[in-house]
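Below: one structure, written as structure tokens.
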Ligand code: GCU
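In the numbering used here, the protein residues as written are 65 to 916.
Below, the structure is given as structure tokens:
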């Protein structure tokens, strides 16, 4: 056992190729490294000789880092002393250091997991309050060095909060709910996987950003996790994560006692107050702690989205949470109990509002939760939308411990196929002042326990890494995970500074790369908001299917409660106290007054709080509908500029990652136009109000596929109508007929970019050839647009696929710099495959600088 464990740890971090596996822990050589080599330590003293201890791992990590960054070979010792004449690094706990070297002159004030780092004098001191803190300190020192910072520092740092967890929505079969990076690194075929390499590598990454626990399975949990075999599996995961200071937690299925689980008793009830149920959970918890003595605790989703819970038995949510709290208490574990509890509701009742649910359910229970329960609250009252107000629950349960739930996996934000740098969004909530009792009540001060004097609190981030070597599905998405860890440690950290650090660690020290990355990344969230749903209307995606592409009408006329209440004249949720759902009244009075009043509600949340006419004038002077049009055009135009920004990095970063991200930026540029057109067409159609700039429906550079001469193709009315240009596409007349669409071009002679919009459905890989006067311009396969004949490895977009011709499958392929003349014959030959009838929407002939 020990040998396996050690060899796994030894393998971690050796990846040399820029495939993303090393994340921000590349330890790449820095320019001028040789200049510093002599002044760097040659000896590392790691004050613990047990190979599975975080201090031992810190020693290994320091050795690896100094070797990688500076080519400096160090010797690691585990006995104290001063080795050789050269400077040395000492890493360990403050207690061990004091025993070995005597008390520090200025003993730092450290709390659990905190550390002291000093690079002054002959000894670099990296001293943790505990072993985990020492490892954090080693990563901090290496992060400095990897960023070319060899200045003298001496400081202590402590976590803002003890709960710094990730949630991984992994299913037992190996799939991941809302995961966009392949299969689970933890589970396959109902059991914990045998190979722990990726789990250990993940622990290393997380440890370097000071995450201290990982909940390894989906909140929509399965009782079979608790089988004897899987408890052993959880133990194996915990064993490889422990050396990195990471504890393992698990999500529970509330009705587990009534499920058939190997090795556990089967009851006829899961009533949390039934003594047999209490005994059942006590026993199971004991069995888990026998195998995993440091298990972090349980995460519970109850009475939400079909999950069973205490309310099934007319018990309160507090009674449900405390059932687990009592079982965990003797072992030191925590219950993270999710506030994401709501019922299906009927839209025809004006006062119904899903946003009200969390406060309605939890506020009456404040004070009833046991001390080791933490209420885990999504940042907004609905569900990880592109913009939401801070959840009022943060201010409504001052007697309870709370943590904020953020989503690193961008379920509603482009699923790693659109890049969105998320910290600026998170900060709108973390920095929001809820003014509880008319006093400063920043959300970040509430979750850290500072505002209401709580010892427990913190952050939970839904990450959903997968087996893809980039971990999250794209290289840039790792900036979000990195920043999440930094914010969990210090919620006041700055979005730009975190990004600069991440960029240096990930792509090197070239200032122009850093500047470009900052400019680009900071524009991504505003752009995405502008083309996916502005003014607080939420992400207008398909909430009934993939959550990826546009489908505004899917928000309404169902019981999910993510409504827009849009009709021919008005739009938005009336959440006012007097006339609406009363949601604004859930905030403390100063905030309630601000949101309750149209005039004082910020434009970017206007439709969240108010039901208004499309002609209502905003603070920026535009009407609601005109702003909808304007921002959707602006957002898509900005997304086009990302391609150029990324291209400017060519030669400044490695080809592997450059090419991979370029592919994604090109996709995003095309799909942002799908979004733009869908939203403006939908609301133009619904409101009947023209766009002052006359852009909606006007496409002088497009050739609609249905207007081409068709052979083997037929027209197809797309549903929803707004996701096809002119509402119509073409499909081959059968699933085996090769179709041809031709058109005589009527554009002045010149050089253009030729774009083709088609639909890349799941269930077929149609192929297409584009000709100009019978000369081939390009060919591609509708499989996340893989160019045929290119030597590149196929690149796959990891978003949730669609089996329909819709806004999720709508894709653009672009061929740049094509010379053409008036009268040229353009031809597309489409060969269907599987269920995919080589669908085509339009061709766009773009002069330089035109976006359409
Ligand atoms: C969202 C998401 C679900 C998830 C749920 C949750 O609704 O779409 O996949 O299960 O949130 O957070 O529990």
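Built from N, CA and C at the ideal position, the CB exists for glycine as well.
As the structure is a prediction and not an experimental result, all values here were calculated from the model.
- [ ] Between the Cα of residue 628 and those of 881, 471, 370, 446, spot the shortest distance and give me the residue it belongs to.
- [x] 446
TODO: Verify the contact flag: residue 475, CB atom, against every heavy atom of ligand 1, threshold strictly below 7 Å.
DONE: yes
Task: Beta-carbon proximity list for residue 907, same chain, < 6 Å, skipping 5 on both sides - done: 767, 820
Open item on the list: Using a Cβ-Cβ cutoff of less than 7 Å, which residues in the same chain neighbour residue 263 once the five nearest sequence positions on both sides are dropped?
Closed with: 249, 250, 301, 304, 305
- [ ] Sort 742, 508, 679, 733 by Cα distance to residue 591 and report the nearest one.
- [x] 733
Open item on the list: Once DSSP output is grouped into helix, strand and coil, what is the label at residue 778?
Closed with: strand
- [ ] Report the three-state DSSP secondary structure of residue 228 (helix, strand or coil).
- [x] strand
Task: For residue 703 and residue 736, the rounded distance between their alpha carbons - done: 7 Å
Task: Residue burial classification, residue 824 (beta-carbon count within 10 angstroms, cutoff 16) - done: buried
TODO: Compute the beta-carbon to beta-carbon distance between residue 924 and residue 667, rounded to the nearest angstrom, for a pair I have assumed lies under 8 Å.
DONE: No answer is possible for residue 924: the residues shown for the chain start at 65 and end at 916.
Task: beta-carbon residue 286 near ligand 1 non-hydrogen atom, thresh 7 Å - done: no
TODO: Look up residue 837 in the DSSP assignment and say whether it is helix, strand or coil.
DONE: coil
Task: Residue from 577, 536, 452, 325 with nearest C-alpha to residue 603 - done: 452
- [ ] Taking only heavy atoms of ligand 1 into account, decide whether any of them is closer than 7 Å to the Cβ of residue 242.
- [x] yes
Task: Cβ-based neighbour list, residue 209, same chain, cut-off 6 Å, excluding 5 preceding and 5 following - done: 133
Task: Nearest neighbour of residue 488, chosen from 433, 547, 500 [CA to CA] - done: 547
Task: the region 558 to 574 touching the region 886 to 901, judged by at least three CB pairs closer than 8 Å - done: no
Task: Unbroken stretches of the beta strand (DSSP E), 3 residues or longer, contained in the region 847 to 903 - done: 874 to 884, 889 to 895
Open item on the list: Using C-beta distances below 7 Å, list every residue in its chain close to residue 712, excluding the 5 sequence neighbours before and after it, in chain order.
Closed with: 580
TODO: For residue 219, count neighbouring C-beta atoms within 10 Å of its own C-beta (all shown protein chains included) and say buried if the count is 16 or more, exposed if not.
DONE: exposed
- [ ] Check the DSSP bridge columns for residue 768 and list the partner residues they point to.
- [x] 906
Task: As assigned by DSSP and simplified to three states, the class of residue 33 - done: Only positions 65 to 916 of the chain appear in the structure, and residue 33 is not among them; the question remains open.
Task: Per-residue burial, residue 340 [other beta carbons within 10 Å of its own, 16 or more giving buried] - done: exposed
TODO: Classify residue 390 as helix, strand or coil using the three-state DSSP reduction.
DONE: helix
TODO: Would you mind giving the Cβ-Cβ distance between residue 896 and residue 796, rounded to the nearest angstrom? I have them listed as a contact below 8 Å.
DONE: 5 Å
- [ ] Figure out for me which residue from 222, 288, 267 has the closest Cα to the Cα of residue 253.
- [x] 288
Task: Alpha-carbon to alpha-carbon, residue 848 and residue 860 - done: 5 Å
Task: Minimum C-alpha distance to residue 624 - residue among 597, 777, 368, 520 - done: 368
Open item on the list: Below 8 Å, how does it come out for the region 632 to 639 and the region 547 to 566: are there three or more Cβ pairs, yes or no?
Closed with: no
- [ ] Identify every residue that forms a DSSP beta bridge with residue 508.
- [x] Paired residue(s): none; residue 508 is not in a bridge.
Open item on the list: Does residue 375 come out as helix, strand or coil in the three-state DSSP assignment?
Closed with: helix
Task: C-alpha distance - residue 432 paired with residue 398, whole-angstrom precision - done: 16 Å
TODO: Assign residue 436 to one of two classes, buried (16 or more other C-beta atoms within 10 Å of its C-beta) or exposed (fewer than that).
DONE: buried
Task: Nearest-angstrom Cα separation, counted from residue 585 out to residue 243 - done: 22 Å
Task: Test item: CB-CB of residue 165 and residue 191 under 8 Å - done: no
- [ ] Assign residue 72 to one of two classes, buried (16 or more other C-beta atoms within 10 Å of its C-beta) or exposed (fewer than that).
- [x] Because the pLDDT at residue 72 is just 35, under 50, the model does not fix this residue reliably, and the value given afterwards should be weighed accordingly. Residue 72 should be labelled buried.
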